[in-house]
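J.:
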Amino acid sequence: MVSNILNNYRSVVGLAVVLLVVLLIELFEVRAAIYPVLFPFFEWLKYSSWIGYLGTTYGSVYATVQAGHLISMAVIGGAVLVTDLRLLGVLLKDIPSETITEGTHKCFKYSLIVAIATGIFCAAGVADKVYYMPVFWVKMLALLAGSCFMFFIKQPLLNSRPHEEIEPWTMRLLAVASILVWFTVAATGRWIGFS
Amino acid sequence: MINELLLQFAQWLEGQEYSQMLVSGYYSWNWLEATHVLTLMVSIGSLFIIDFRMLGWILPDVPATKIADRLHKPMIIGFVIMFITGILLVYAKPVENVQSLWFRIKMLLLVFAFINAWVFNSRMRAAEGTWDSARVAPKPLRAGAIISLCLWCTVVAMGRFIPYDWVDCPKVSNTAILWAAGCVNELNAL
Numbered sequence: 007m008v009s010n011i012l013n014n015y016r017s018v019v020g021l022a023v024v025l026l027v028v029l030l031i032e033l034f035e036v037r038a039a040i041y042p043v044l045f046p047f048f049e050w051l052k053y054s055s056w057i058g059y060l061g062t063t064y065g066s067v068y069a070t071v072q073a074g075h076l077i078s079m080a081v082i083g084g085a086v087l088v089t090d091l092r093l094l095g096v097l098l099k100d101i102p103s104e105t106i107t108e109g110t111h112k113c114f115k116y117s118l119i120v121a122i123a124t125g126i127f128c129a130a131g132v133a134d135k136v137y138y139m140p141v142f143w144v145k146m147l148a149l150l151a152g153s154c155f156m157f158f159i160k161q162p163l164l165n166s167r168p169h170e171e172i173e174p175w176t177m178r179l180l181a182v183a184s185i186l187v188w189f190t191v192a193a194t195g196r197w198i199g200f201s
Numbered sequence: 203m204i205n206e207l208l209l210q211f212a213q214w215l216e217g218q219e220y221s222q223m224l225v226s227g228y229y230s231w232n233w234l235e236a237t238h239v240l241t242l243m244v245s246i247g248s249l250f251i252i253d254f255r256m257l258g259w260i261l262p263d264v265p266a267t268k269i270a271d272r273l274h275k276p277m278i279i280g281f282v283i284m285f286i287t288g289i290l291l292v293y294a295k296p297v298e299n300v301q302s303l304w305f306r307i308k309m310l311l312l313v314f315a316f317i318n319a320w321v322f323n324s325r326m327r328a329a330e331g332t333w334d335s336a337r338v339a340p341k342p343l344r345a346g347a348i349i350s351l352c353l354w355c356t357v358v359a360m361g362r363f364i365p366y367d368w369v370d371c372p373k374v375s376n377t378a379i380l381w382a383a384g385c386v387n388e389l390n391a392l
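Read top to bottom, the protein sequences are chains A and B. Be aware that the first sequence starts at 7, since it is given in the working numbering, and climbs by one per residue. Be aware that the second sequence starts at 203, since it is given in the working numbering, and climbs by one per residue.
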C-alpha cells in the first residue's frame with residue numbers, strides 16, 4: 007500500500023517532505039544557525055570571486071548583465087502568462103492547452119537558466135548588501151518554490167494525462183499558483199533594487 | 203537649439219508640484235518603477251513569444267498568425283501600462299532624463315521598434331494564409347522578428363543604463379557626446 011501511494015502521489019509526497027523539512031528547519035532554528043555561516047561565502051563572492059571582481063570593477067558589464075537578467079525574466083513572464091492564461095481559459099482558447107504547455111516550457115527552461123546565471127552575477131556584485139536584505143531571501147525562497155512547483159508538480163501533472171482528464175479546478179489552481187509565485191519572484195527582485 | 207528647448211521644457215516640468223511629489227514620495231516612485239519593469243513580463247514577454255514562433259523556435263505546430271492575433275491584446279495592454287508609467291517616470295525626473303544619453307538612445311530605438319512592428323504587422327497581414335502552417339515564417343518576417351528581438355533587448359538595456367552615471371554631463375568632456383546627451387551648460391562652458 008505504501009509503495010502504491012508513493013508511486014501514485016510521488017509529487018504530493020515530495021511536496022509534503024519539503025514542507026516538513028522547512029518546518030523542522032524553523033522549529034530547530036537551523037536557519038538561524040546556518041545564516042551566519044553563509045556570510046563568509048557572500049564576502050568571498052563579492053571580494054574574491056572573478057564574477058564579484060567583474061561586477062564591482064566594470065559598471066557597464068554589471069548593467070549589461072542586469073539587462074540580460076531583466077530580459078530573461080520578461081521571457082519567463084511571457085511563457086508563464088501564456089501557459090497559465092491558457093489553462094485558465096482566458097487566452098488561446100482554440101489551441102489545445104497541451105500544445106501550449108509543451109511549447110512554452112522549453113522557452114521557460116532556457117530563460118530560467120539565463121535568469122539564474124545572470125542573477126548570480128548581479129548578486130555577486132552586491133553580495134555583502136543583499137546578505138542583510140530580507141527581501142533577497144524572500145526572492146530566493148520564492149525562486150526555489152517556483153522552480154520546485156514548476157518541475158515537480160505542475161509539469162509532471164500536466165504531462166501525465168490529457169488535460170480534459172484533469173479536474174478543471176486543479177488546472178485553475180495550478181495556473182493561479184504559478185502566476186502568483188513567479189510574480190513574487192519578479193516583484194521581490196525589483197524590490198531588492200529599492201532596498 | 204533643440205537641446206536648449208528640451209532643457210527649458212524639462213526644467214518647466216520639474217518645477218511642477220506633481221513632478222516633485224512623484225520623485226520625493228518613496229512609495230510613489232518605487233511603485234511606478236516597479237510597475238514599469240514588471241509590465242515587461244506582459245508586453246515584451248508576449249512579443250518575444252510571437253517573435254520566437256516566427257523564427258520557429260517554439261510552438262511550430264500552431265499557426266503563427268493565430269499566436270500573433272491572440273497575444274496582440276495582452277501585449278498592447280502591457281505596452282500601454284509601460285508607456286503610462288514610463289511617461290510618469292520621465293515627468294518625475296525630466297531634467298535628468300532629457301540630459302541622459304541612454305534615455306535619448308532608448309527613445310530613438312523605441313521609434314525604430316514601432317516602425318519595425320508596423321512593417322512586420324503589414325507584411326504578416328499581406329502574407330496571411332500563404333505560409334501560416336509552415337514551421338518557420340518567410341524570410342522577411344523572420345528578419346522582422348530578429349530585428350524586433352534585437353531592438354527590444356537594446357531598449358531594455360538602455361533603460362537599465364539610465365540610472366548609471368558614466369556619461370552624466372559633468373563627467374564627459376567629448377563634445378559629440380555632450381551634444382548627443384544634451385548637456386547644454388557643459389557645452390556652453392567649453
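In this text, a Cβ means the ideal position worked out from N, Cα and C, and glycines have one as well.
Does CYS128/A have its Cβ less than 7 angstroms from a Cβ in chain B?
T.: Interface with chain B (7 angstroms Cβ-Cβ cutoff): CYS128/A is excluded.
J.: Taking VAL120/A as the reference, which of VAL88/A, VAL71/A, PHE48/A and LEU91/A has the closest Cα?
T.: VAL71/A
J.: Give a yes or no on whether the C-beta atoms belonging to SER17/A and PHE158/A are separated by under 7 angstroms.
T.: With respect to PHE158/A, SER17/A sits close: the two C-beta atoms are nearer than 7 angstroms.
J.: For chain A, find out if any of its Cβ atoms is closer than 7 angstroms to the Cβ of GLY288/B; answer yes or no.
T.: no
J.: If we require 3 or more residues per run, which beta strand (DSSP E) segments fall completely within the region 304-346 of chain B?
T.: none
J.: Excluding sequence positions up to five away, which residues of its chain have a Cβ less than 8 angstroms from the Cβ of VAL187/A?
T.: ALA148, ALA151, GLY152 and PHE155
J.: Using a 10 Å radius around the Cβ and a threshold of 16 neighbouring Cβ atoms, would you call VAL86/A buried or exposed?
T.: buried
J.: The alpha helix (DSSP H) that contains VAL96/A, what's its start and end?
T.: Note, VAL96/A: premise wrong, no alpha helix (DSSP H); not H, not E.
J.: What would DSSP say about TRP231/B, mapped onto helix, strand or coil?
T.: helix
J.: Can you list the residues of chain A that ASN232/B reaches, using a CB-CB cut of under 7 angstroms?
T.: PHE200
J.: Take ILE198/A as the anchor and find which of ASN10/A, PHE47/A and TYR137/A has the nearest alpha-carbon.
T.: For ILE198/A, the closest alpha carbon among the candidates ASN10/A, PHE47/A and TYR137/A is that of TYR137/A.
J.: Quick check on the burial criterion: 16 or more other C-beta atoms within 10 angstroms. Buried or exposed for LEU353/B?
T.: buried
J.: Taking only beta carbons into account, state which residues of the region 364-377 of chain B come closer than 8 angstroms to chain A, listed in chain order.
T.: TYR366 and TRP368
J.: Could you tell me the boundaries of the alpha helix (DSSP H) in which VAL132/A lies?
T.: Neither: VAL132/A is in no alpha helix (DSSP H) and is coded neither H nor E.
J.: Using a Cβ-Cβ cut-off of 7 angstroms, state whether CYS394/B counts as contacting chain A.
T.: For chain B, the structure presents residues 203 to 392; residue 394/B sits outside this window and is missing.
J.: Taking the alpha-carbon positions, what's the VAL132/A to ILE122/A distance?
T.: 16 angstroms
J.: Listed from N- to C-terminal order along the chain, which residues in the region 107-127 of chain A have their beta-carbon within a distance smaller than 8 angstroms of any beta-carbon of chain B?
T.: Answer in chain order: GLY109, THR110, LYS112 and CYS113.
J.: At the level of alpha carbons, what is the spacing between ILE289/B and SER324/B?
T.: Cα-Cα distance, rounded: 28 angstroms.
J.: Is GLN72/A helix, strand or coil by DSSP?
T.: Correct three-state label for GLN72/A: helix.
J.: Taking Cβ positions only, does VAL239/B come closer than 7 angstroms to chain A?
T.: yes
J.: Quick one: give me the first and last residue of the alpha helix (DSSP H) that GLN210/B is part of.
T.: For GLN210/B, the enclosing alpha helix (DSSP H) covers residues 204-216.
J.: Determine, for ARG92/A, whether the minimum Cβ-Cβ distance to residues of chain B falls below 7 angstroms.
T.: no
J.: Can you find a CB in chain A that lies within less than 7 angstroms of the CB of SER248/B?
T.: True, the Cβ-Cβ gap to chain A drops below 7 angstroms.
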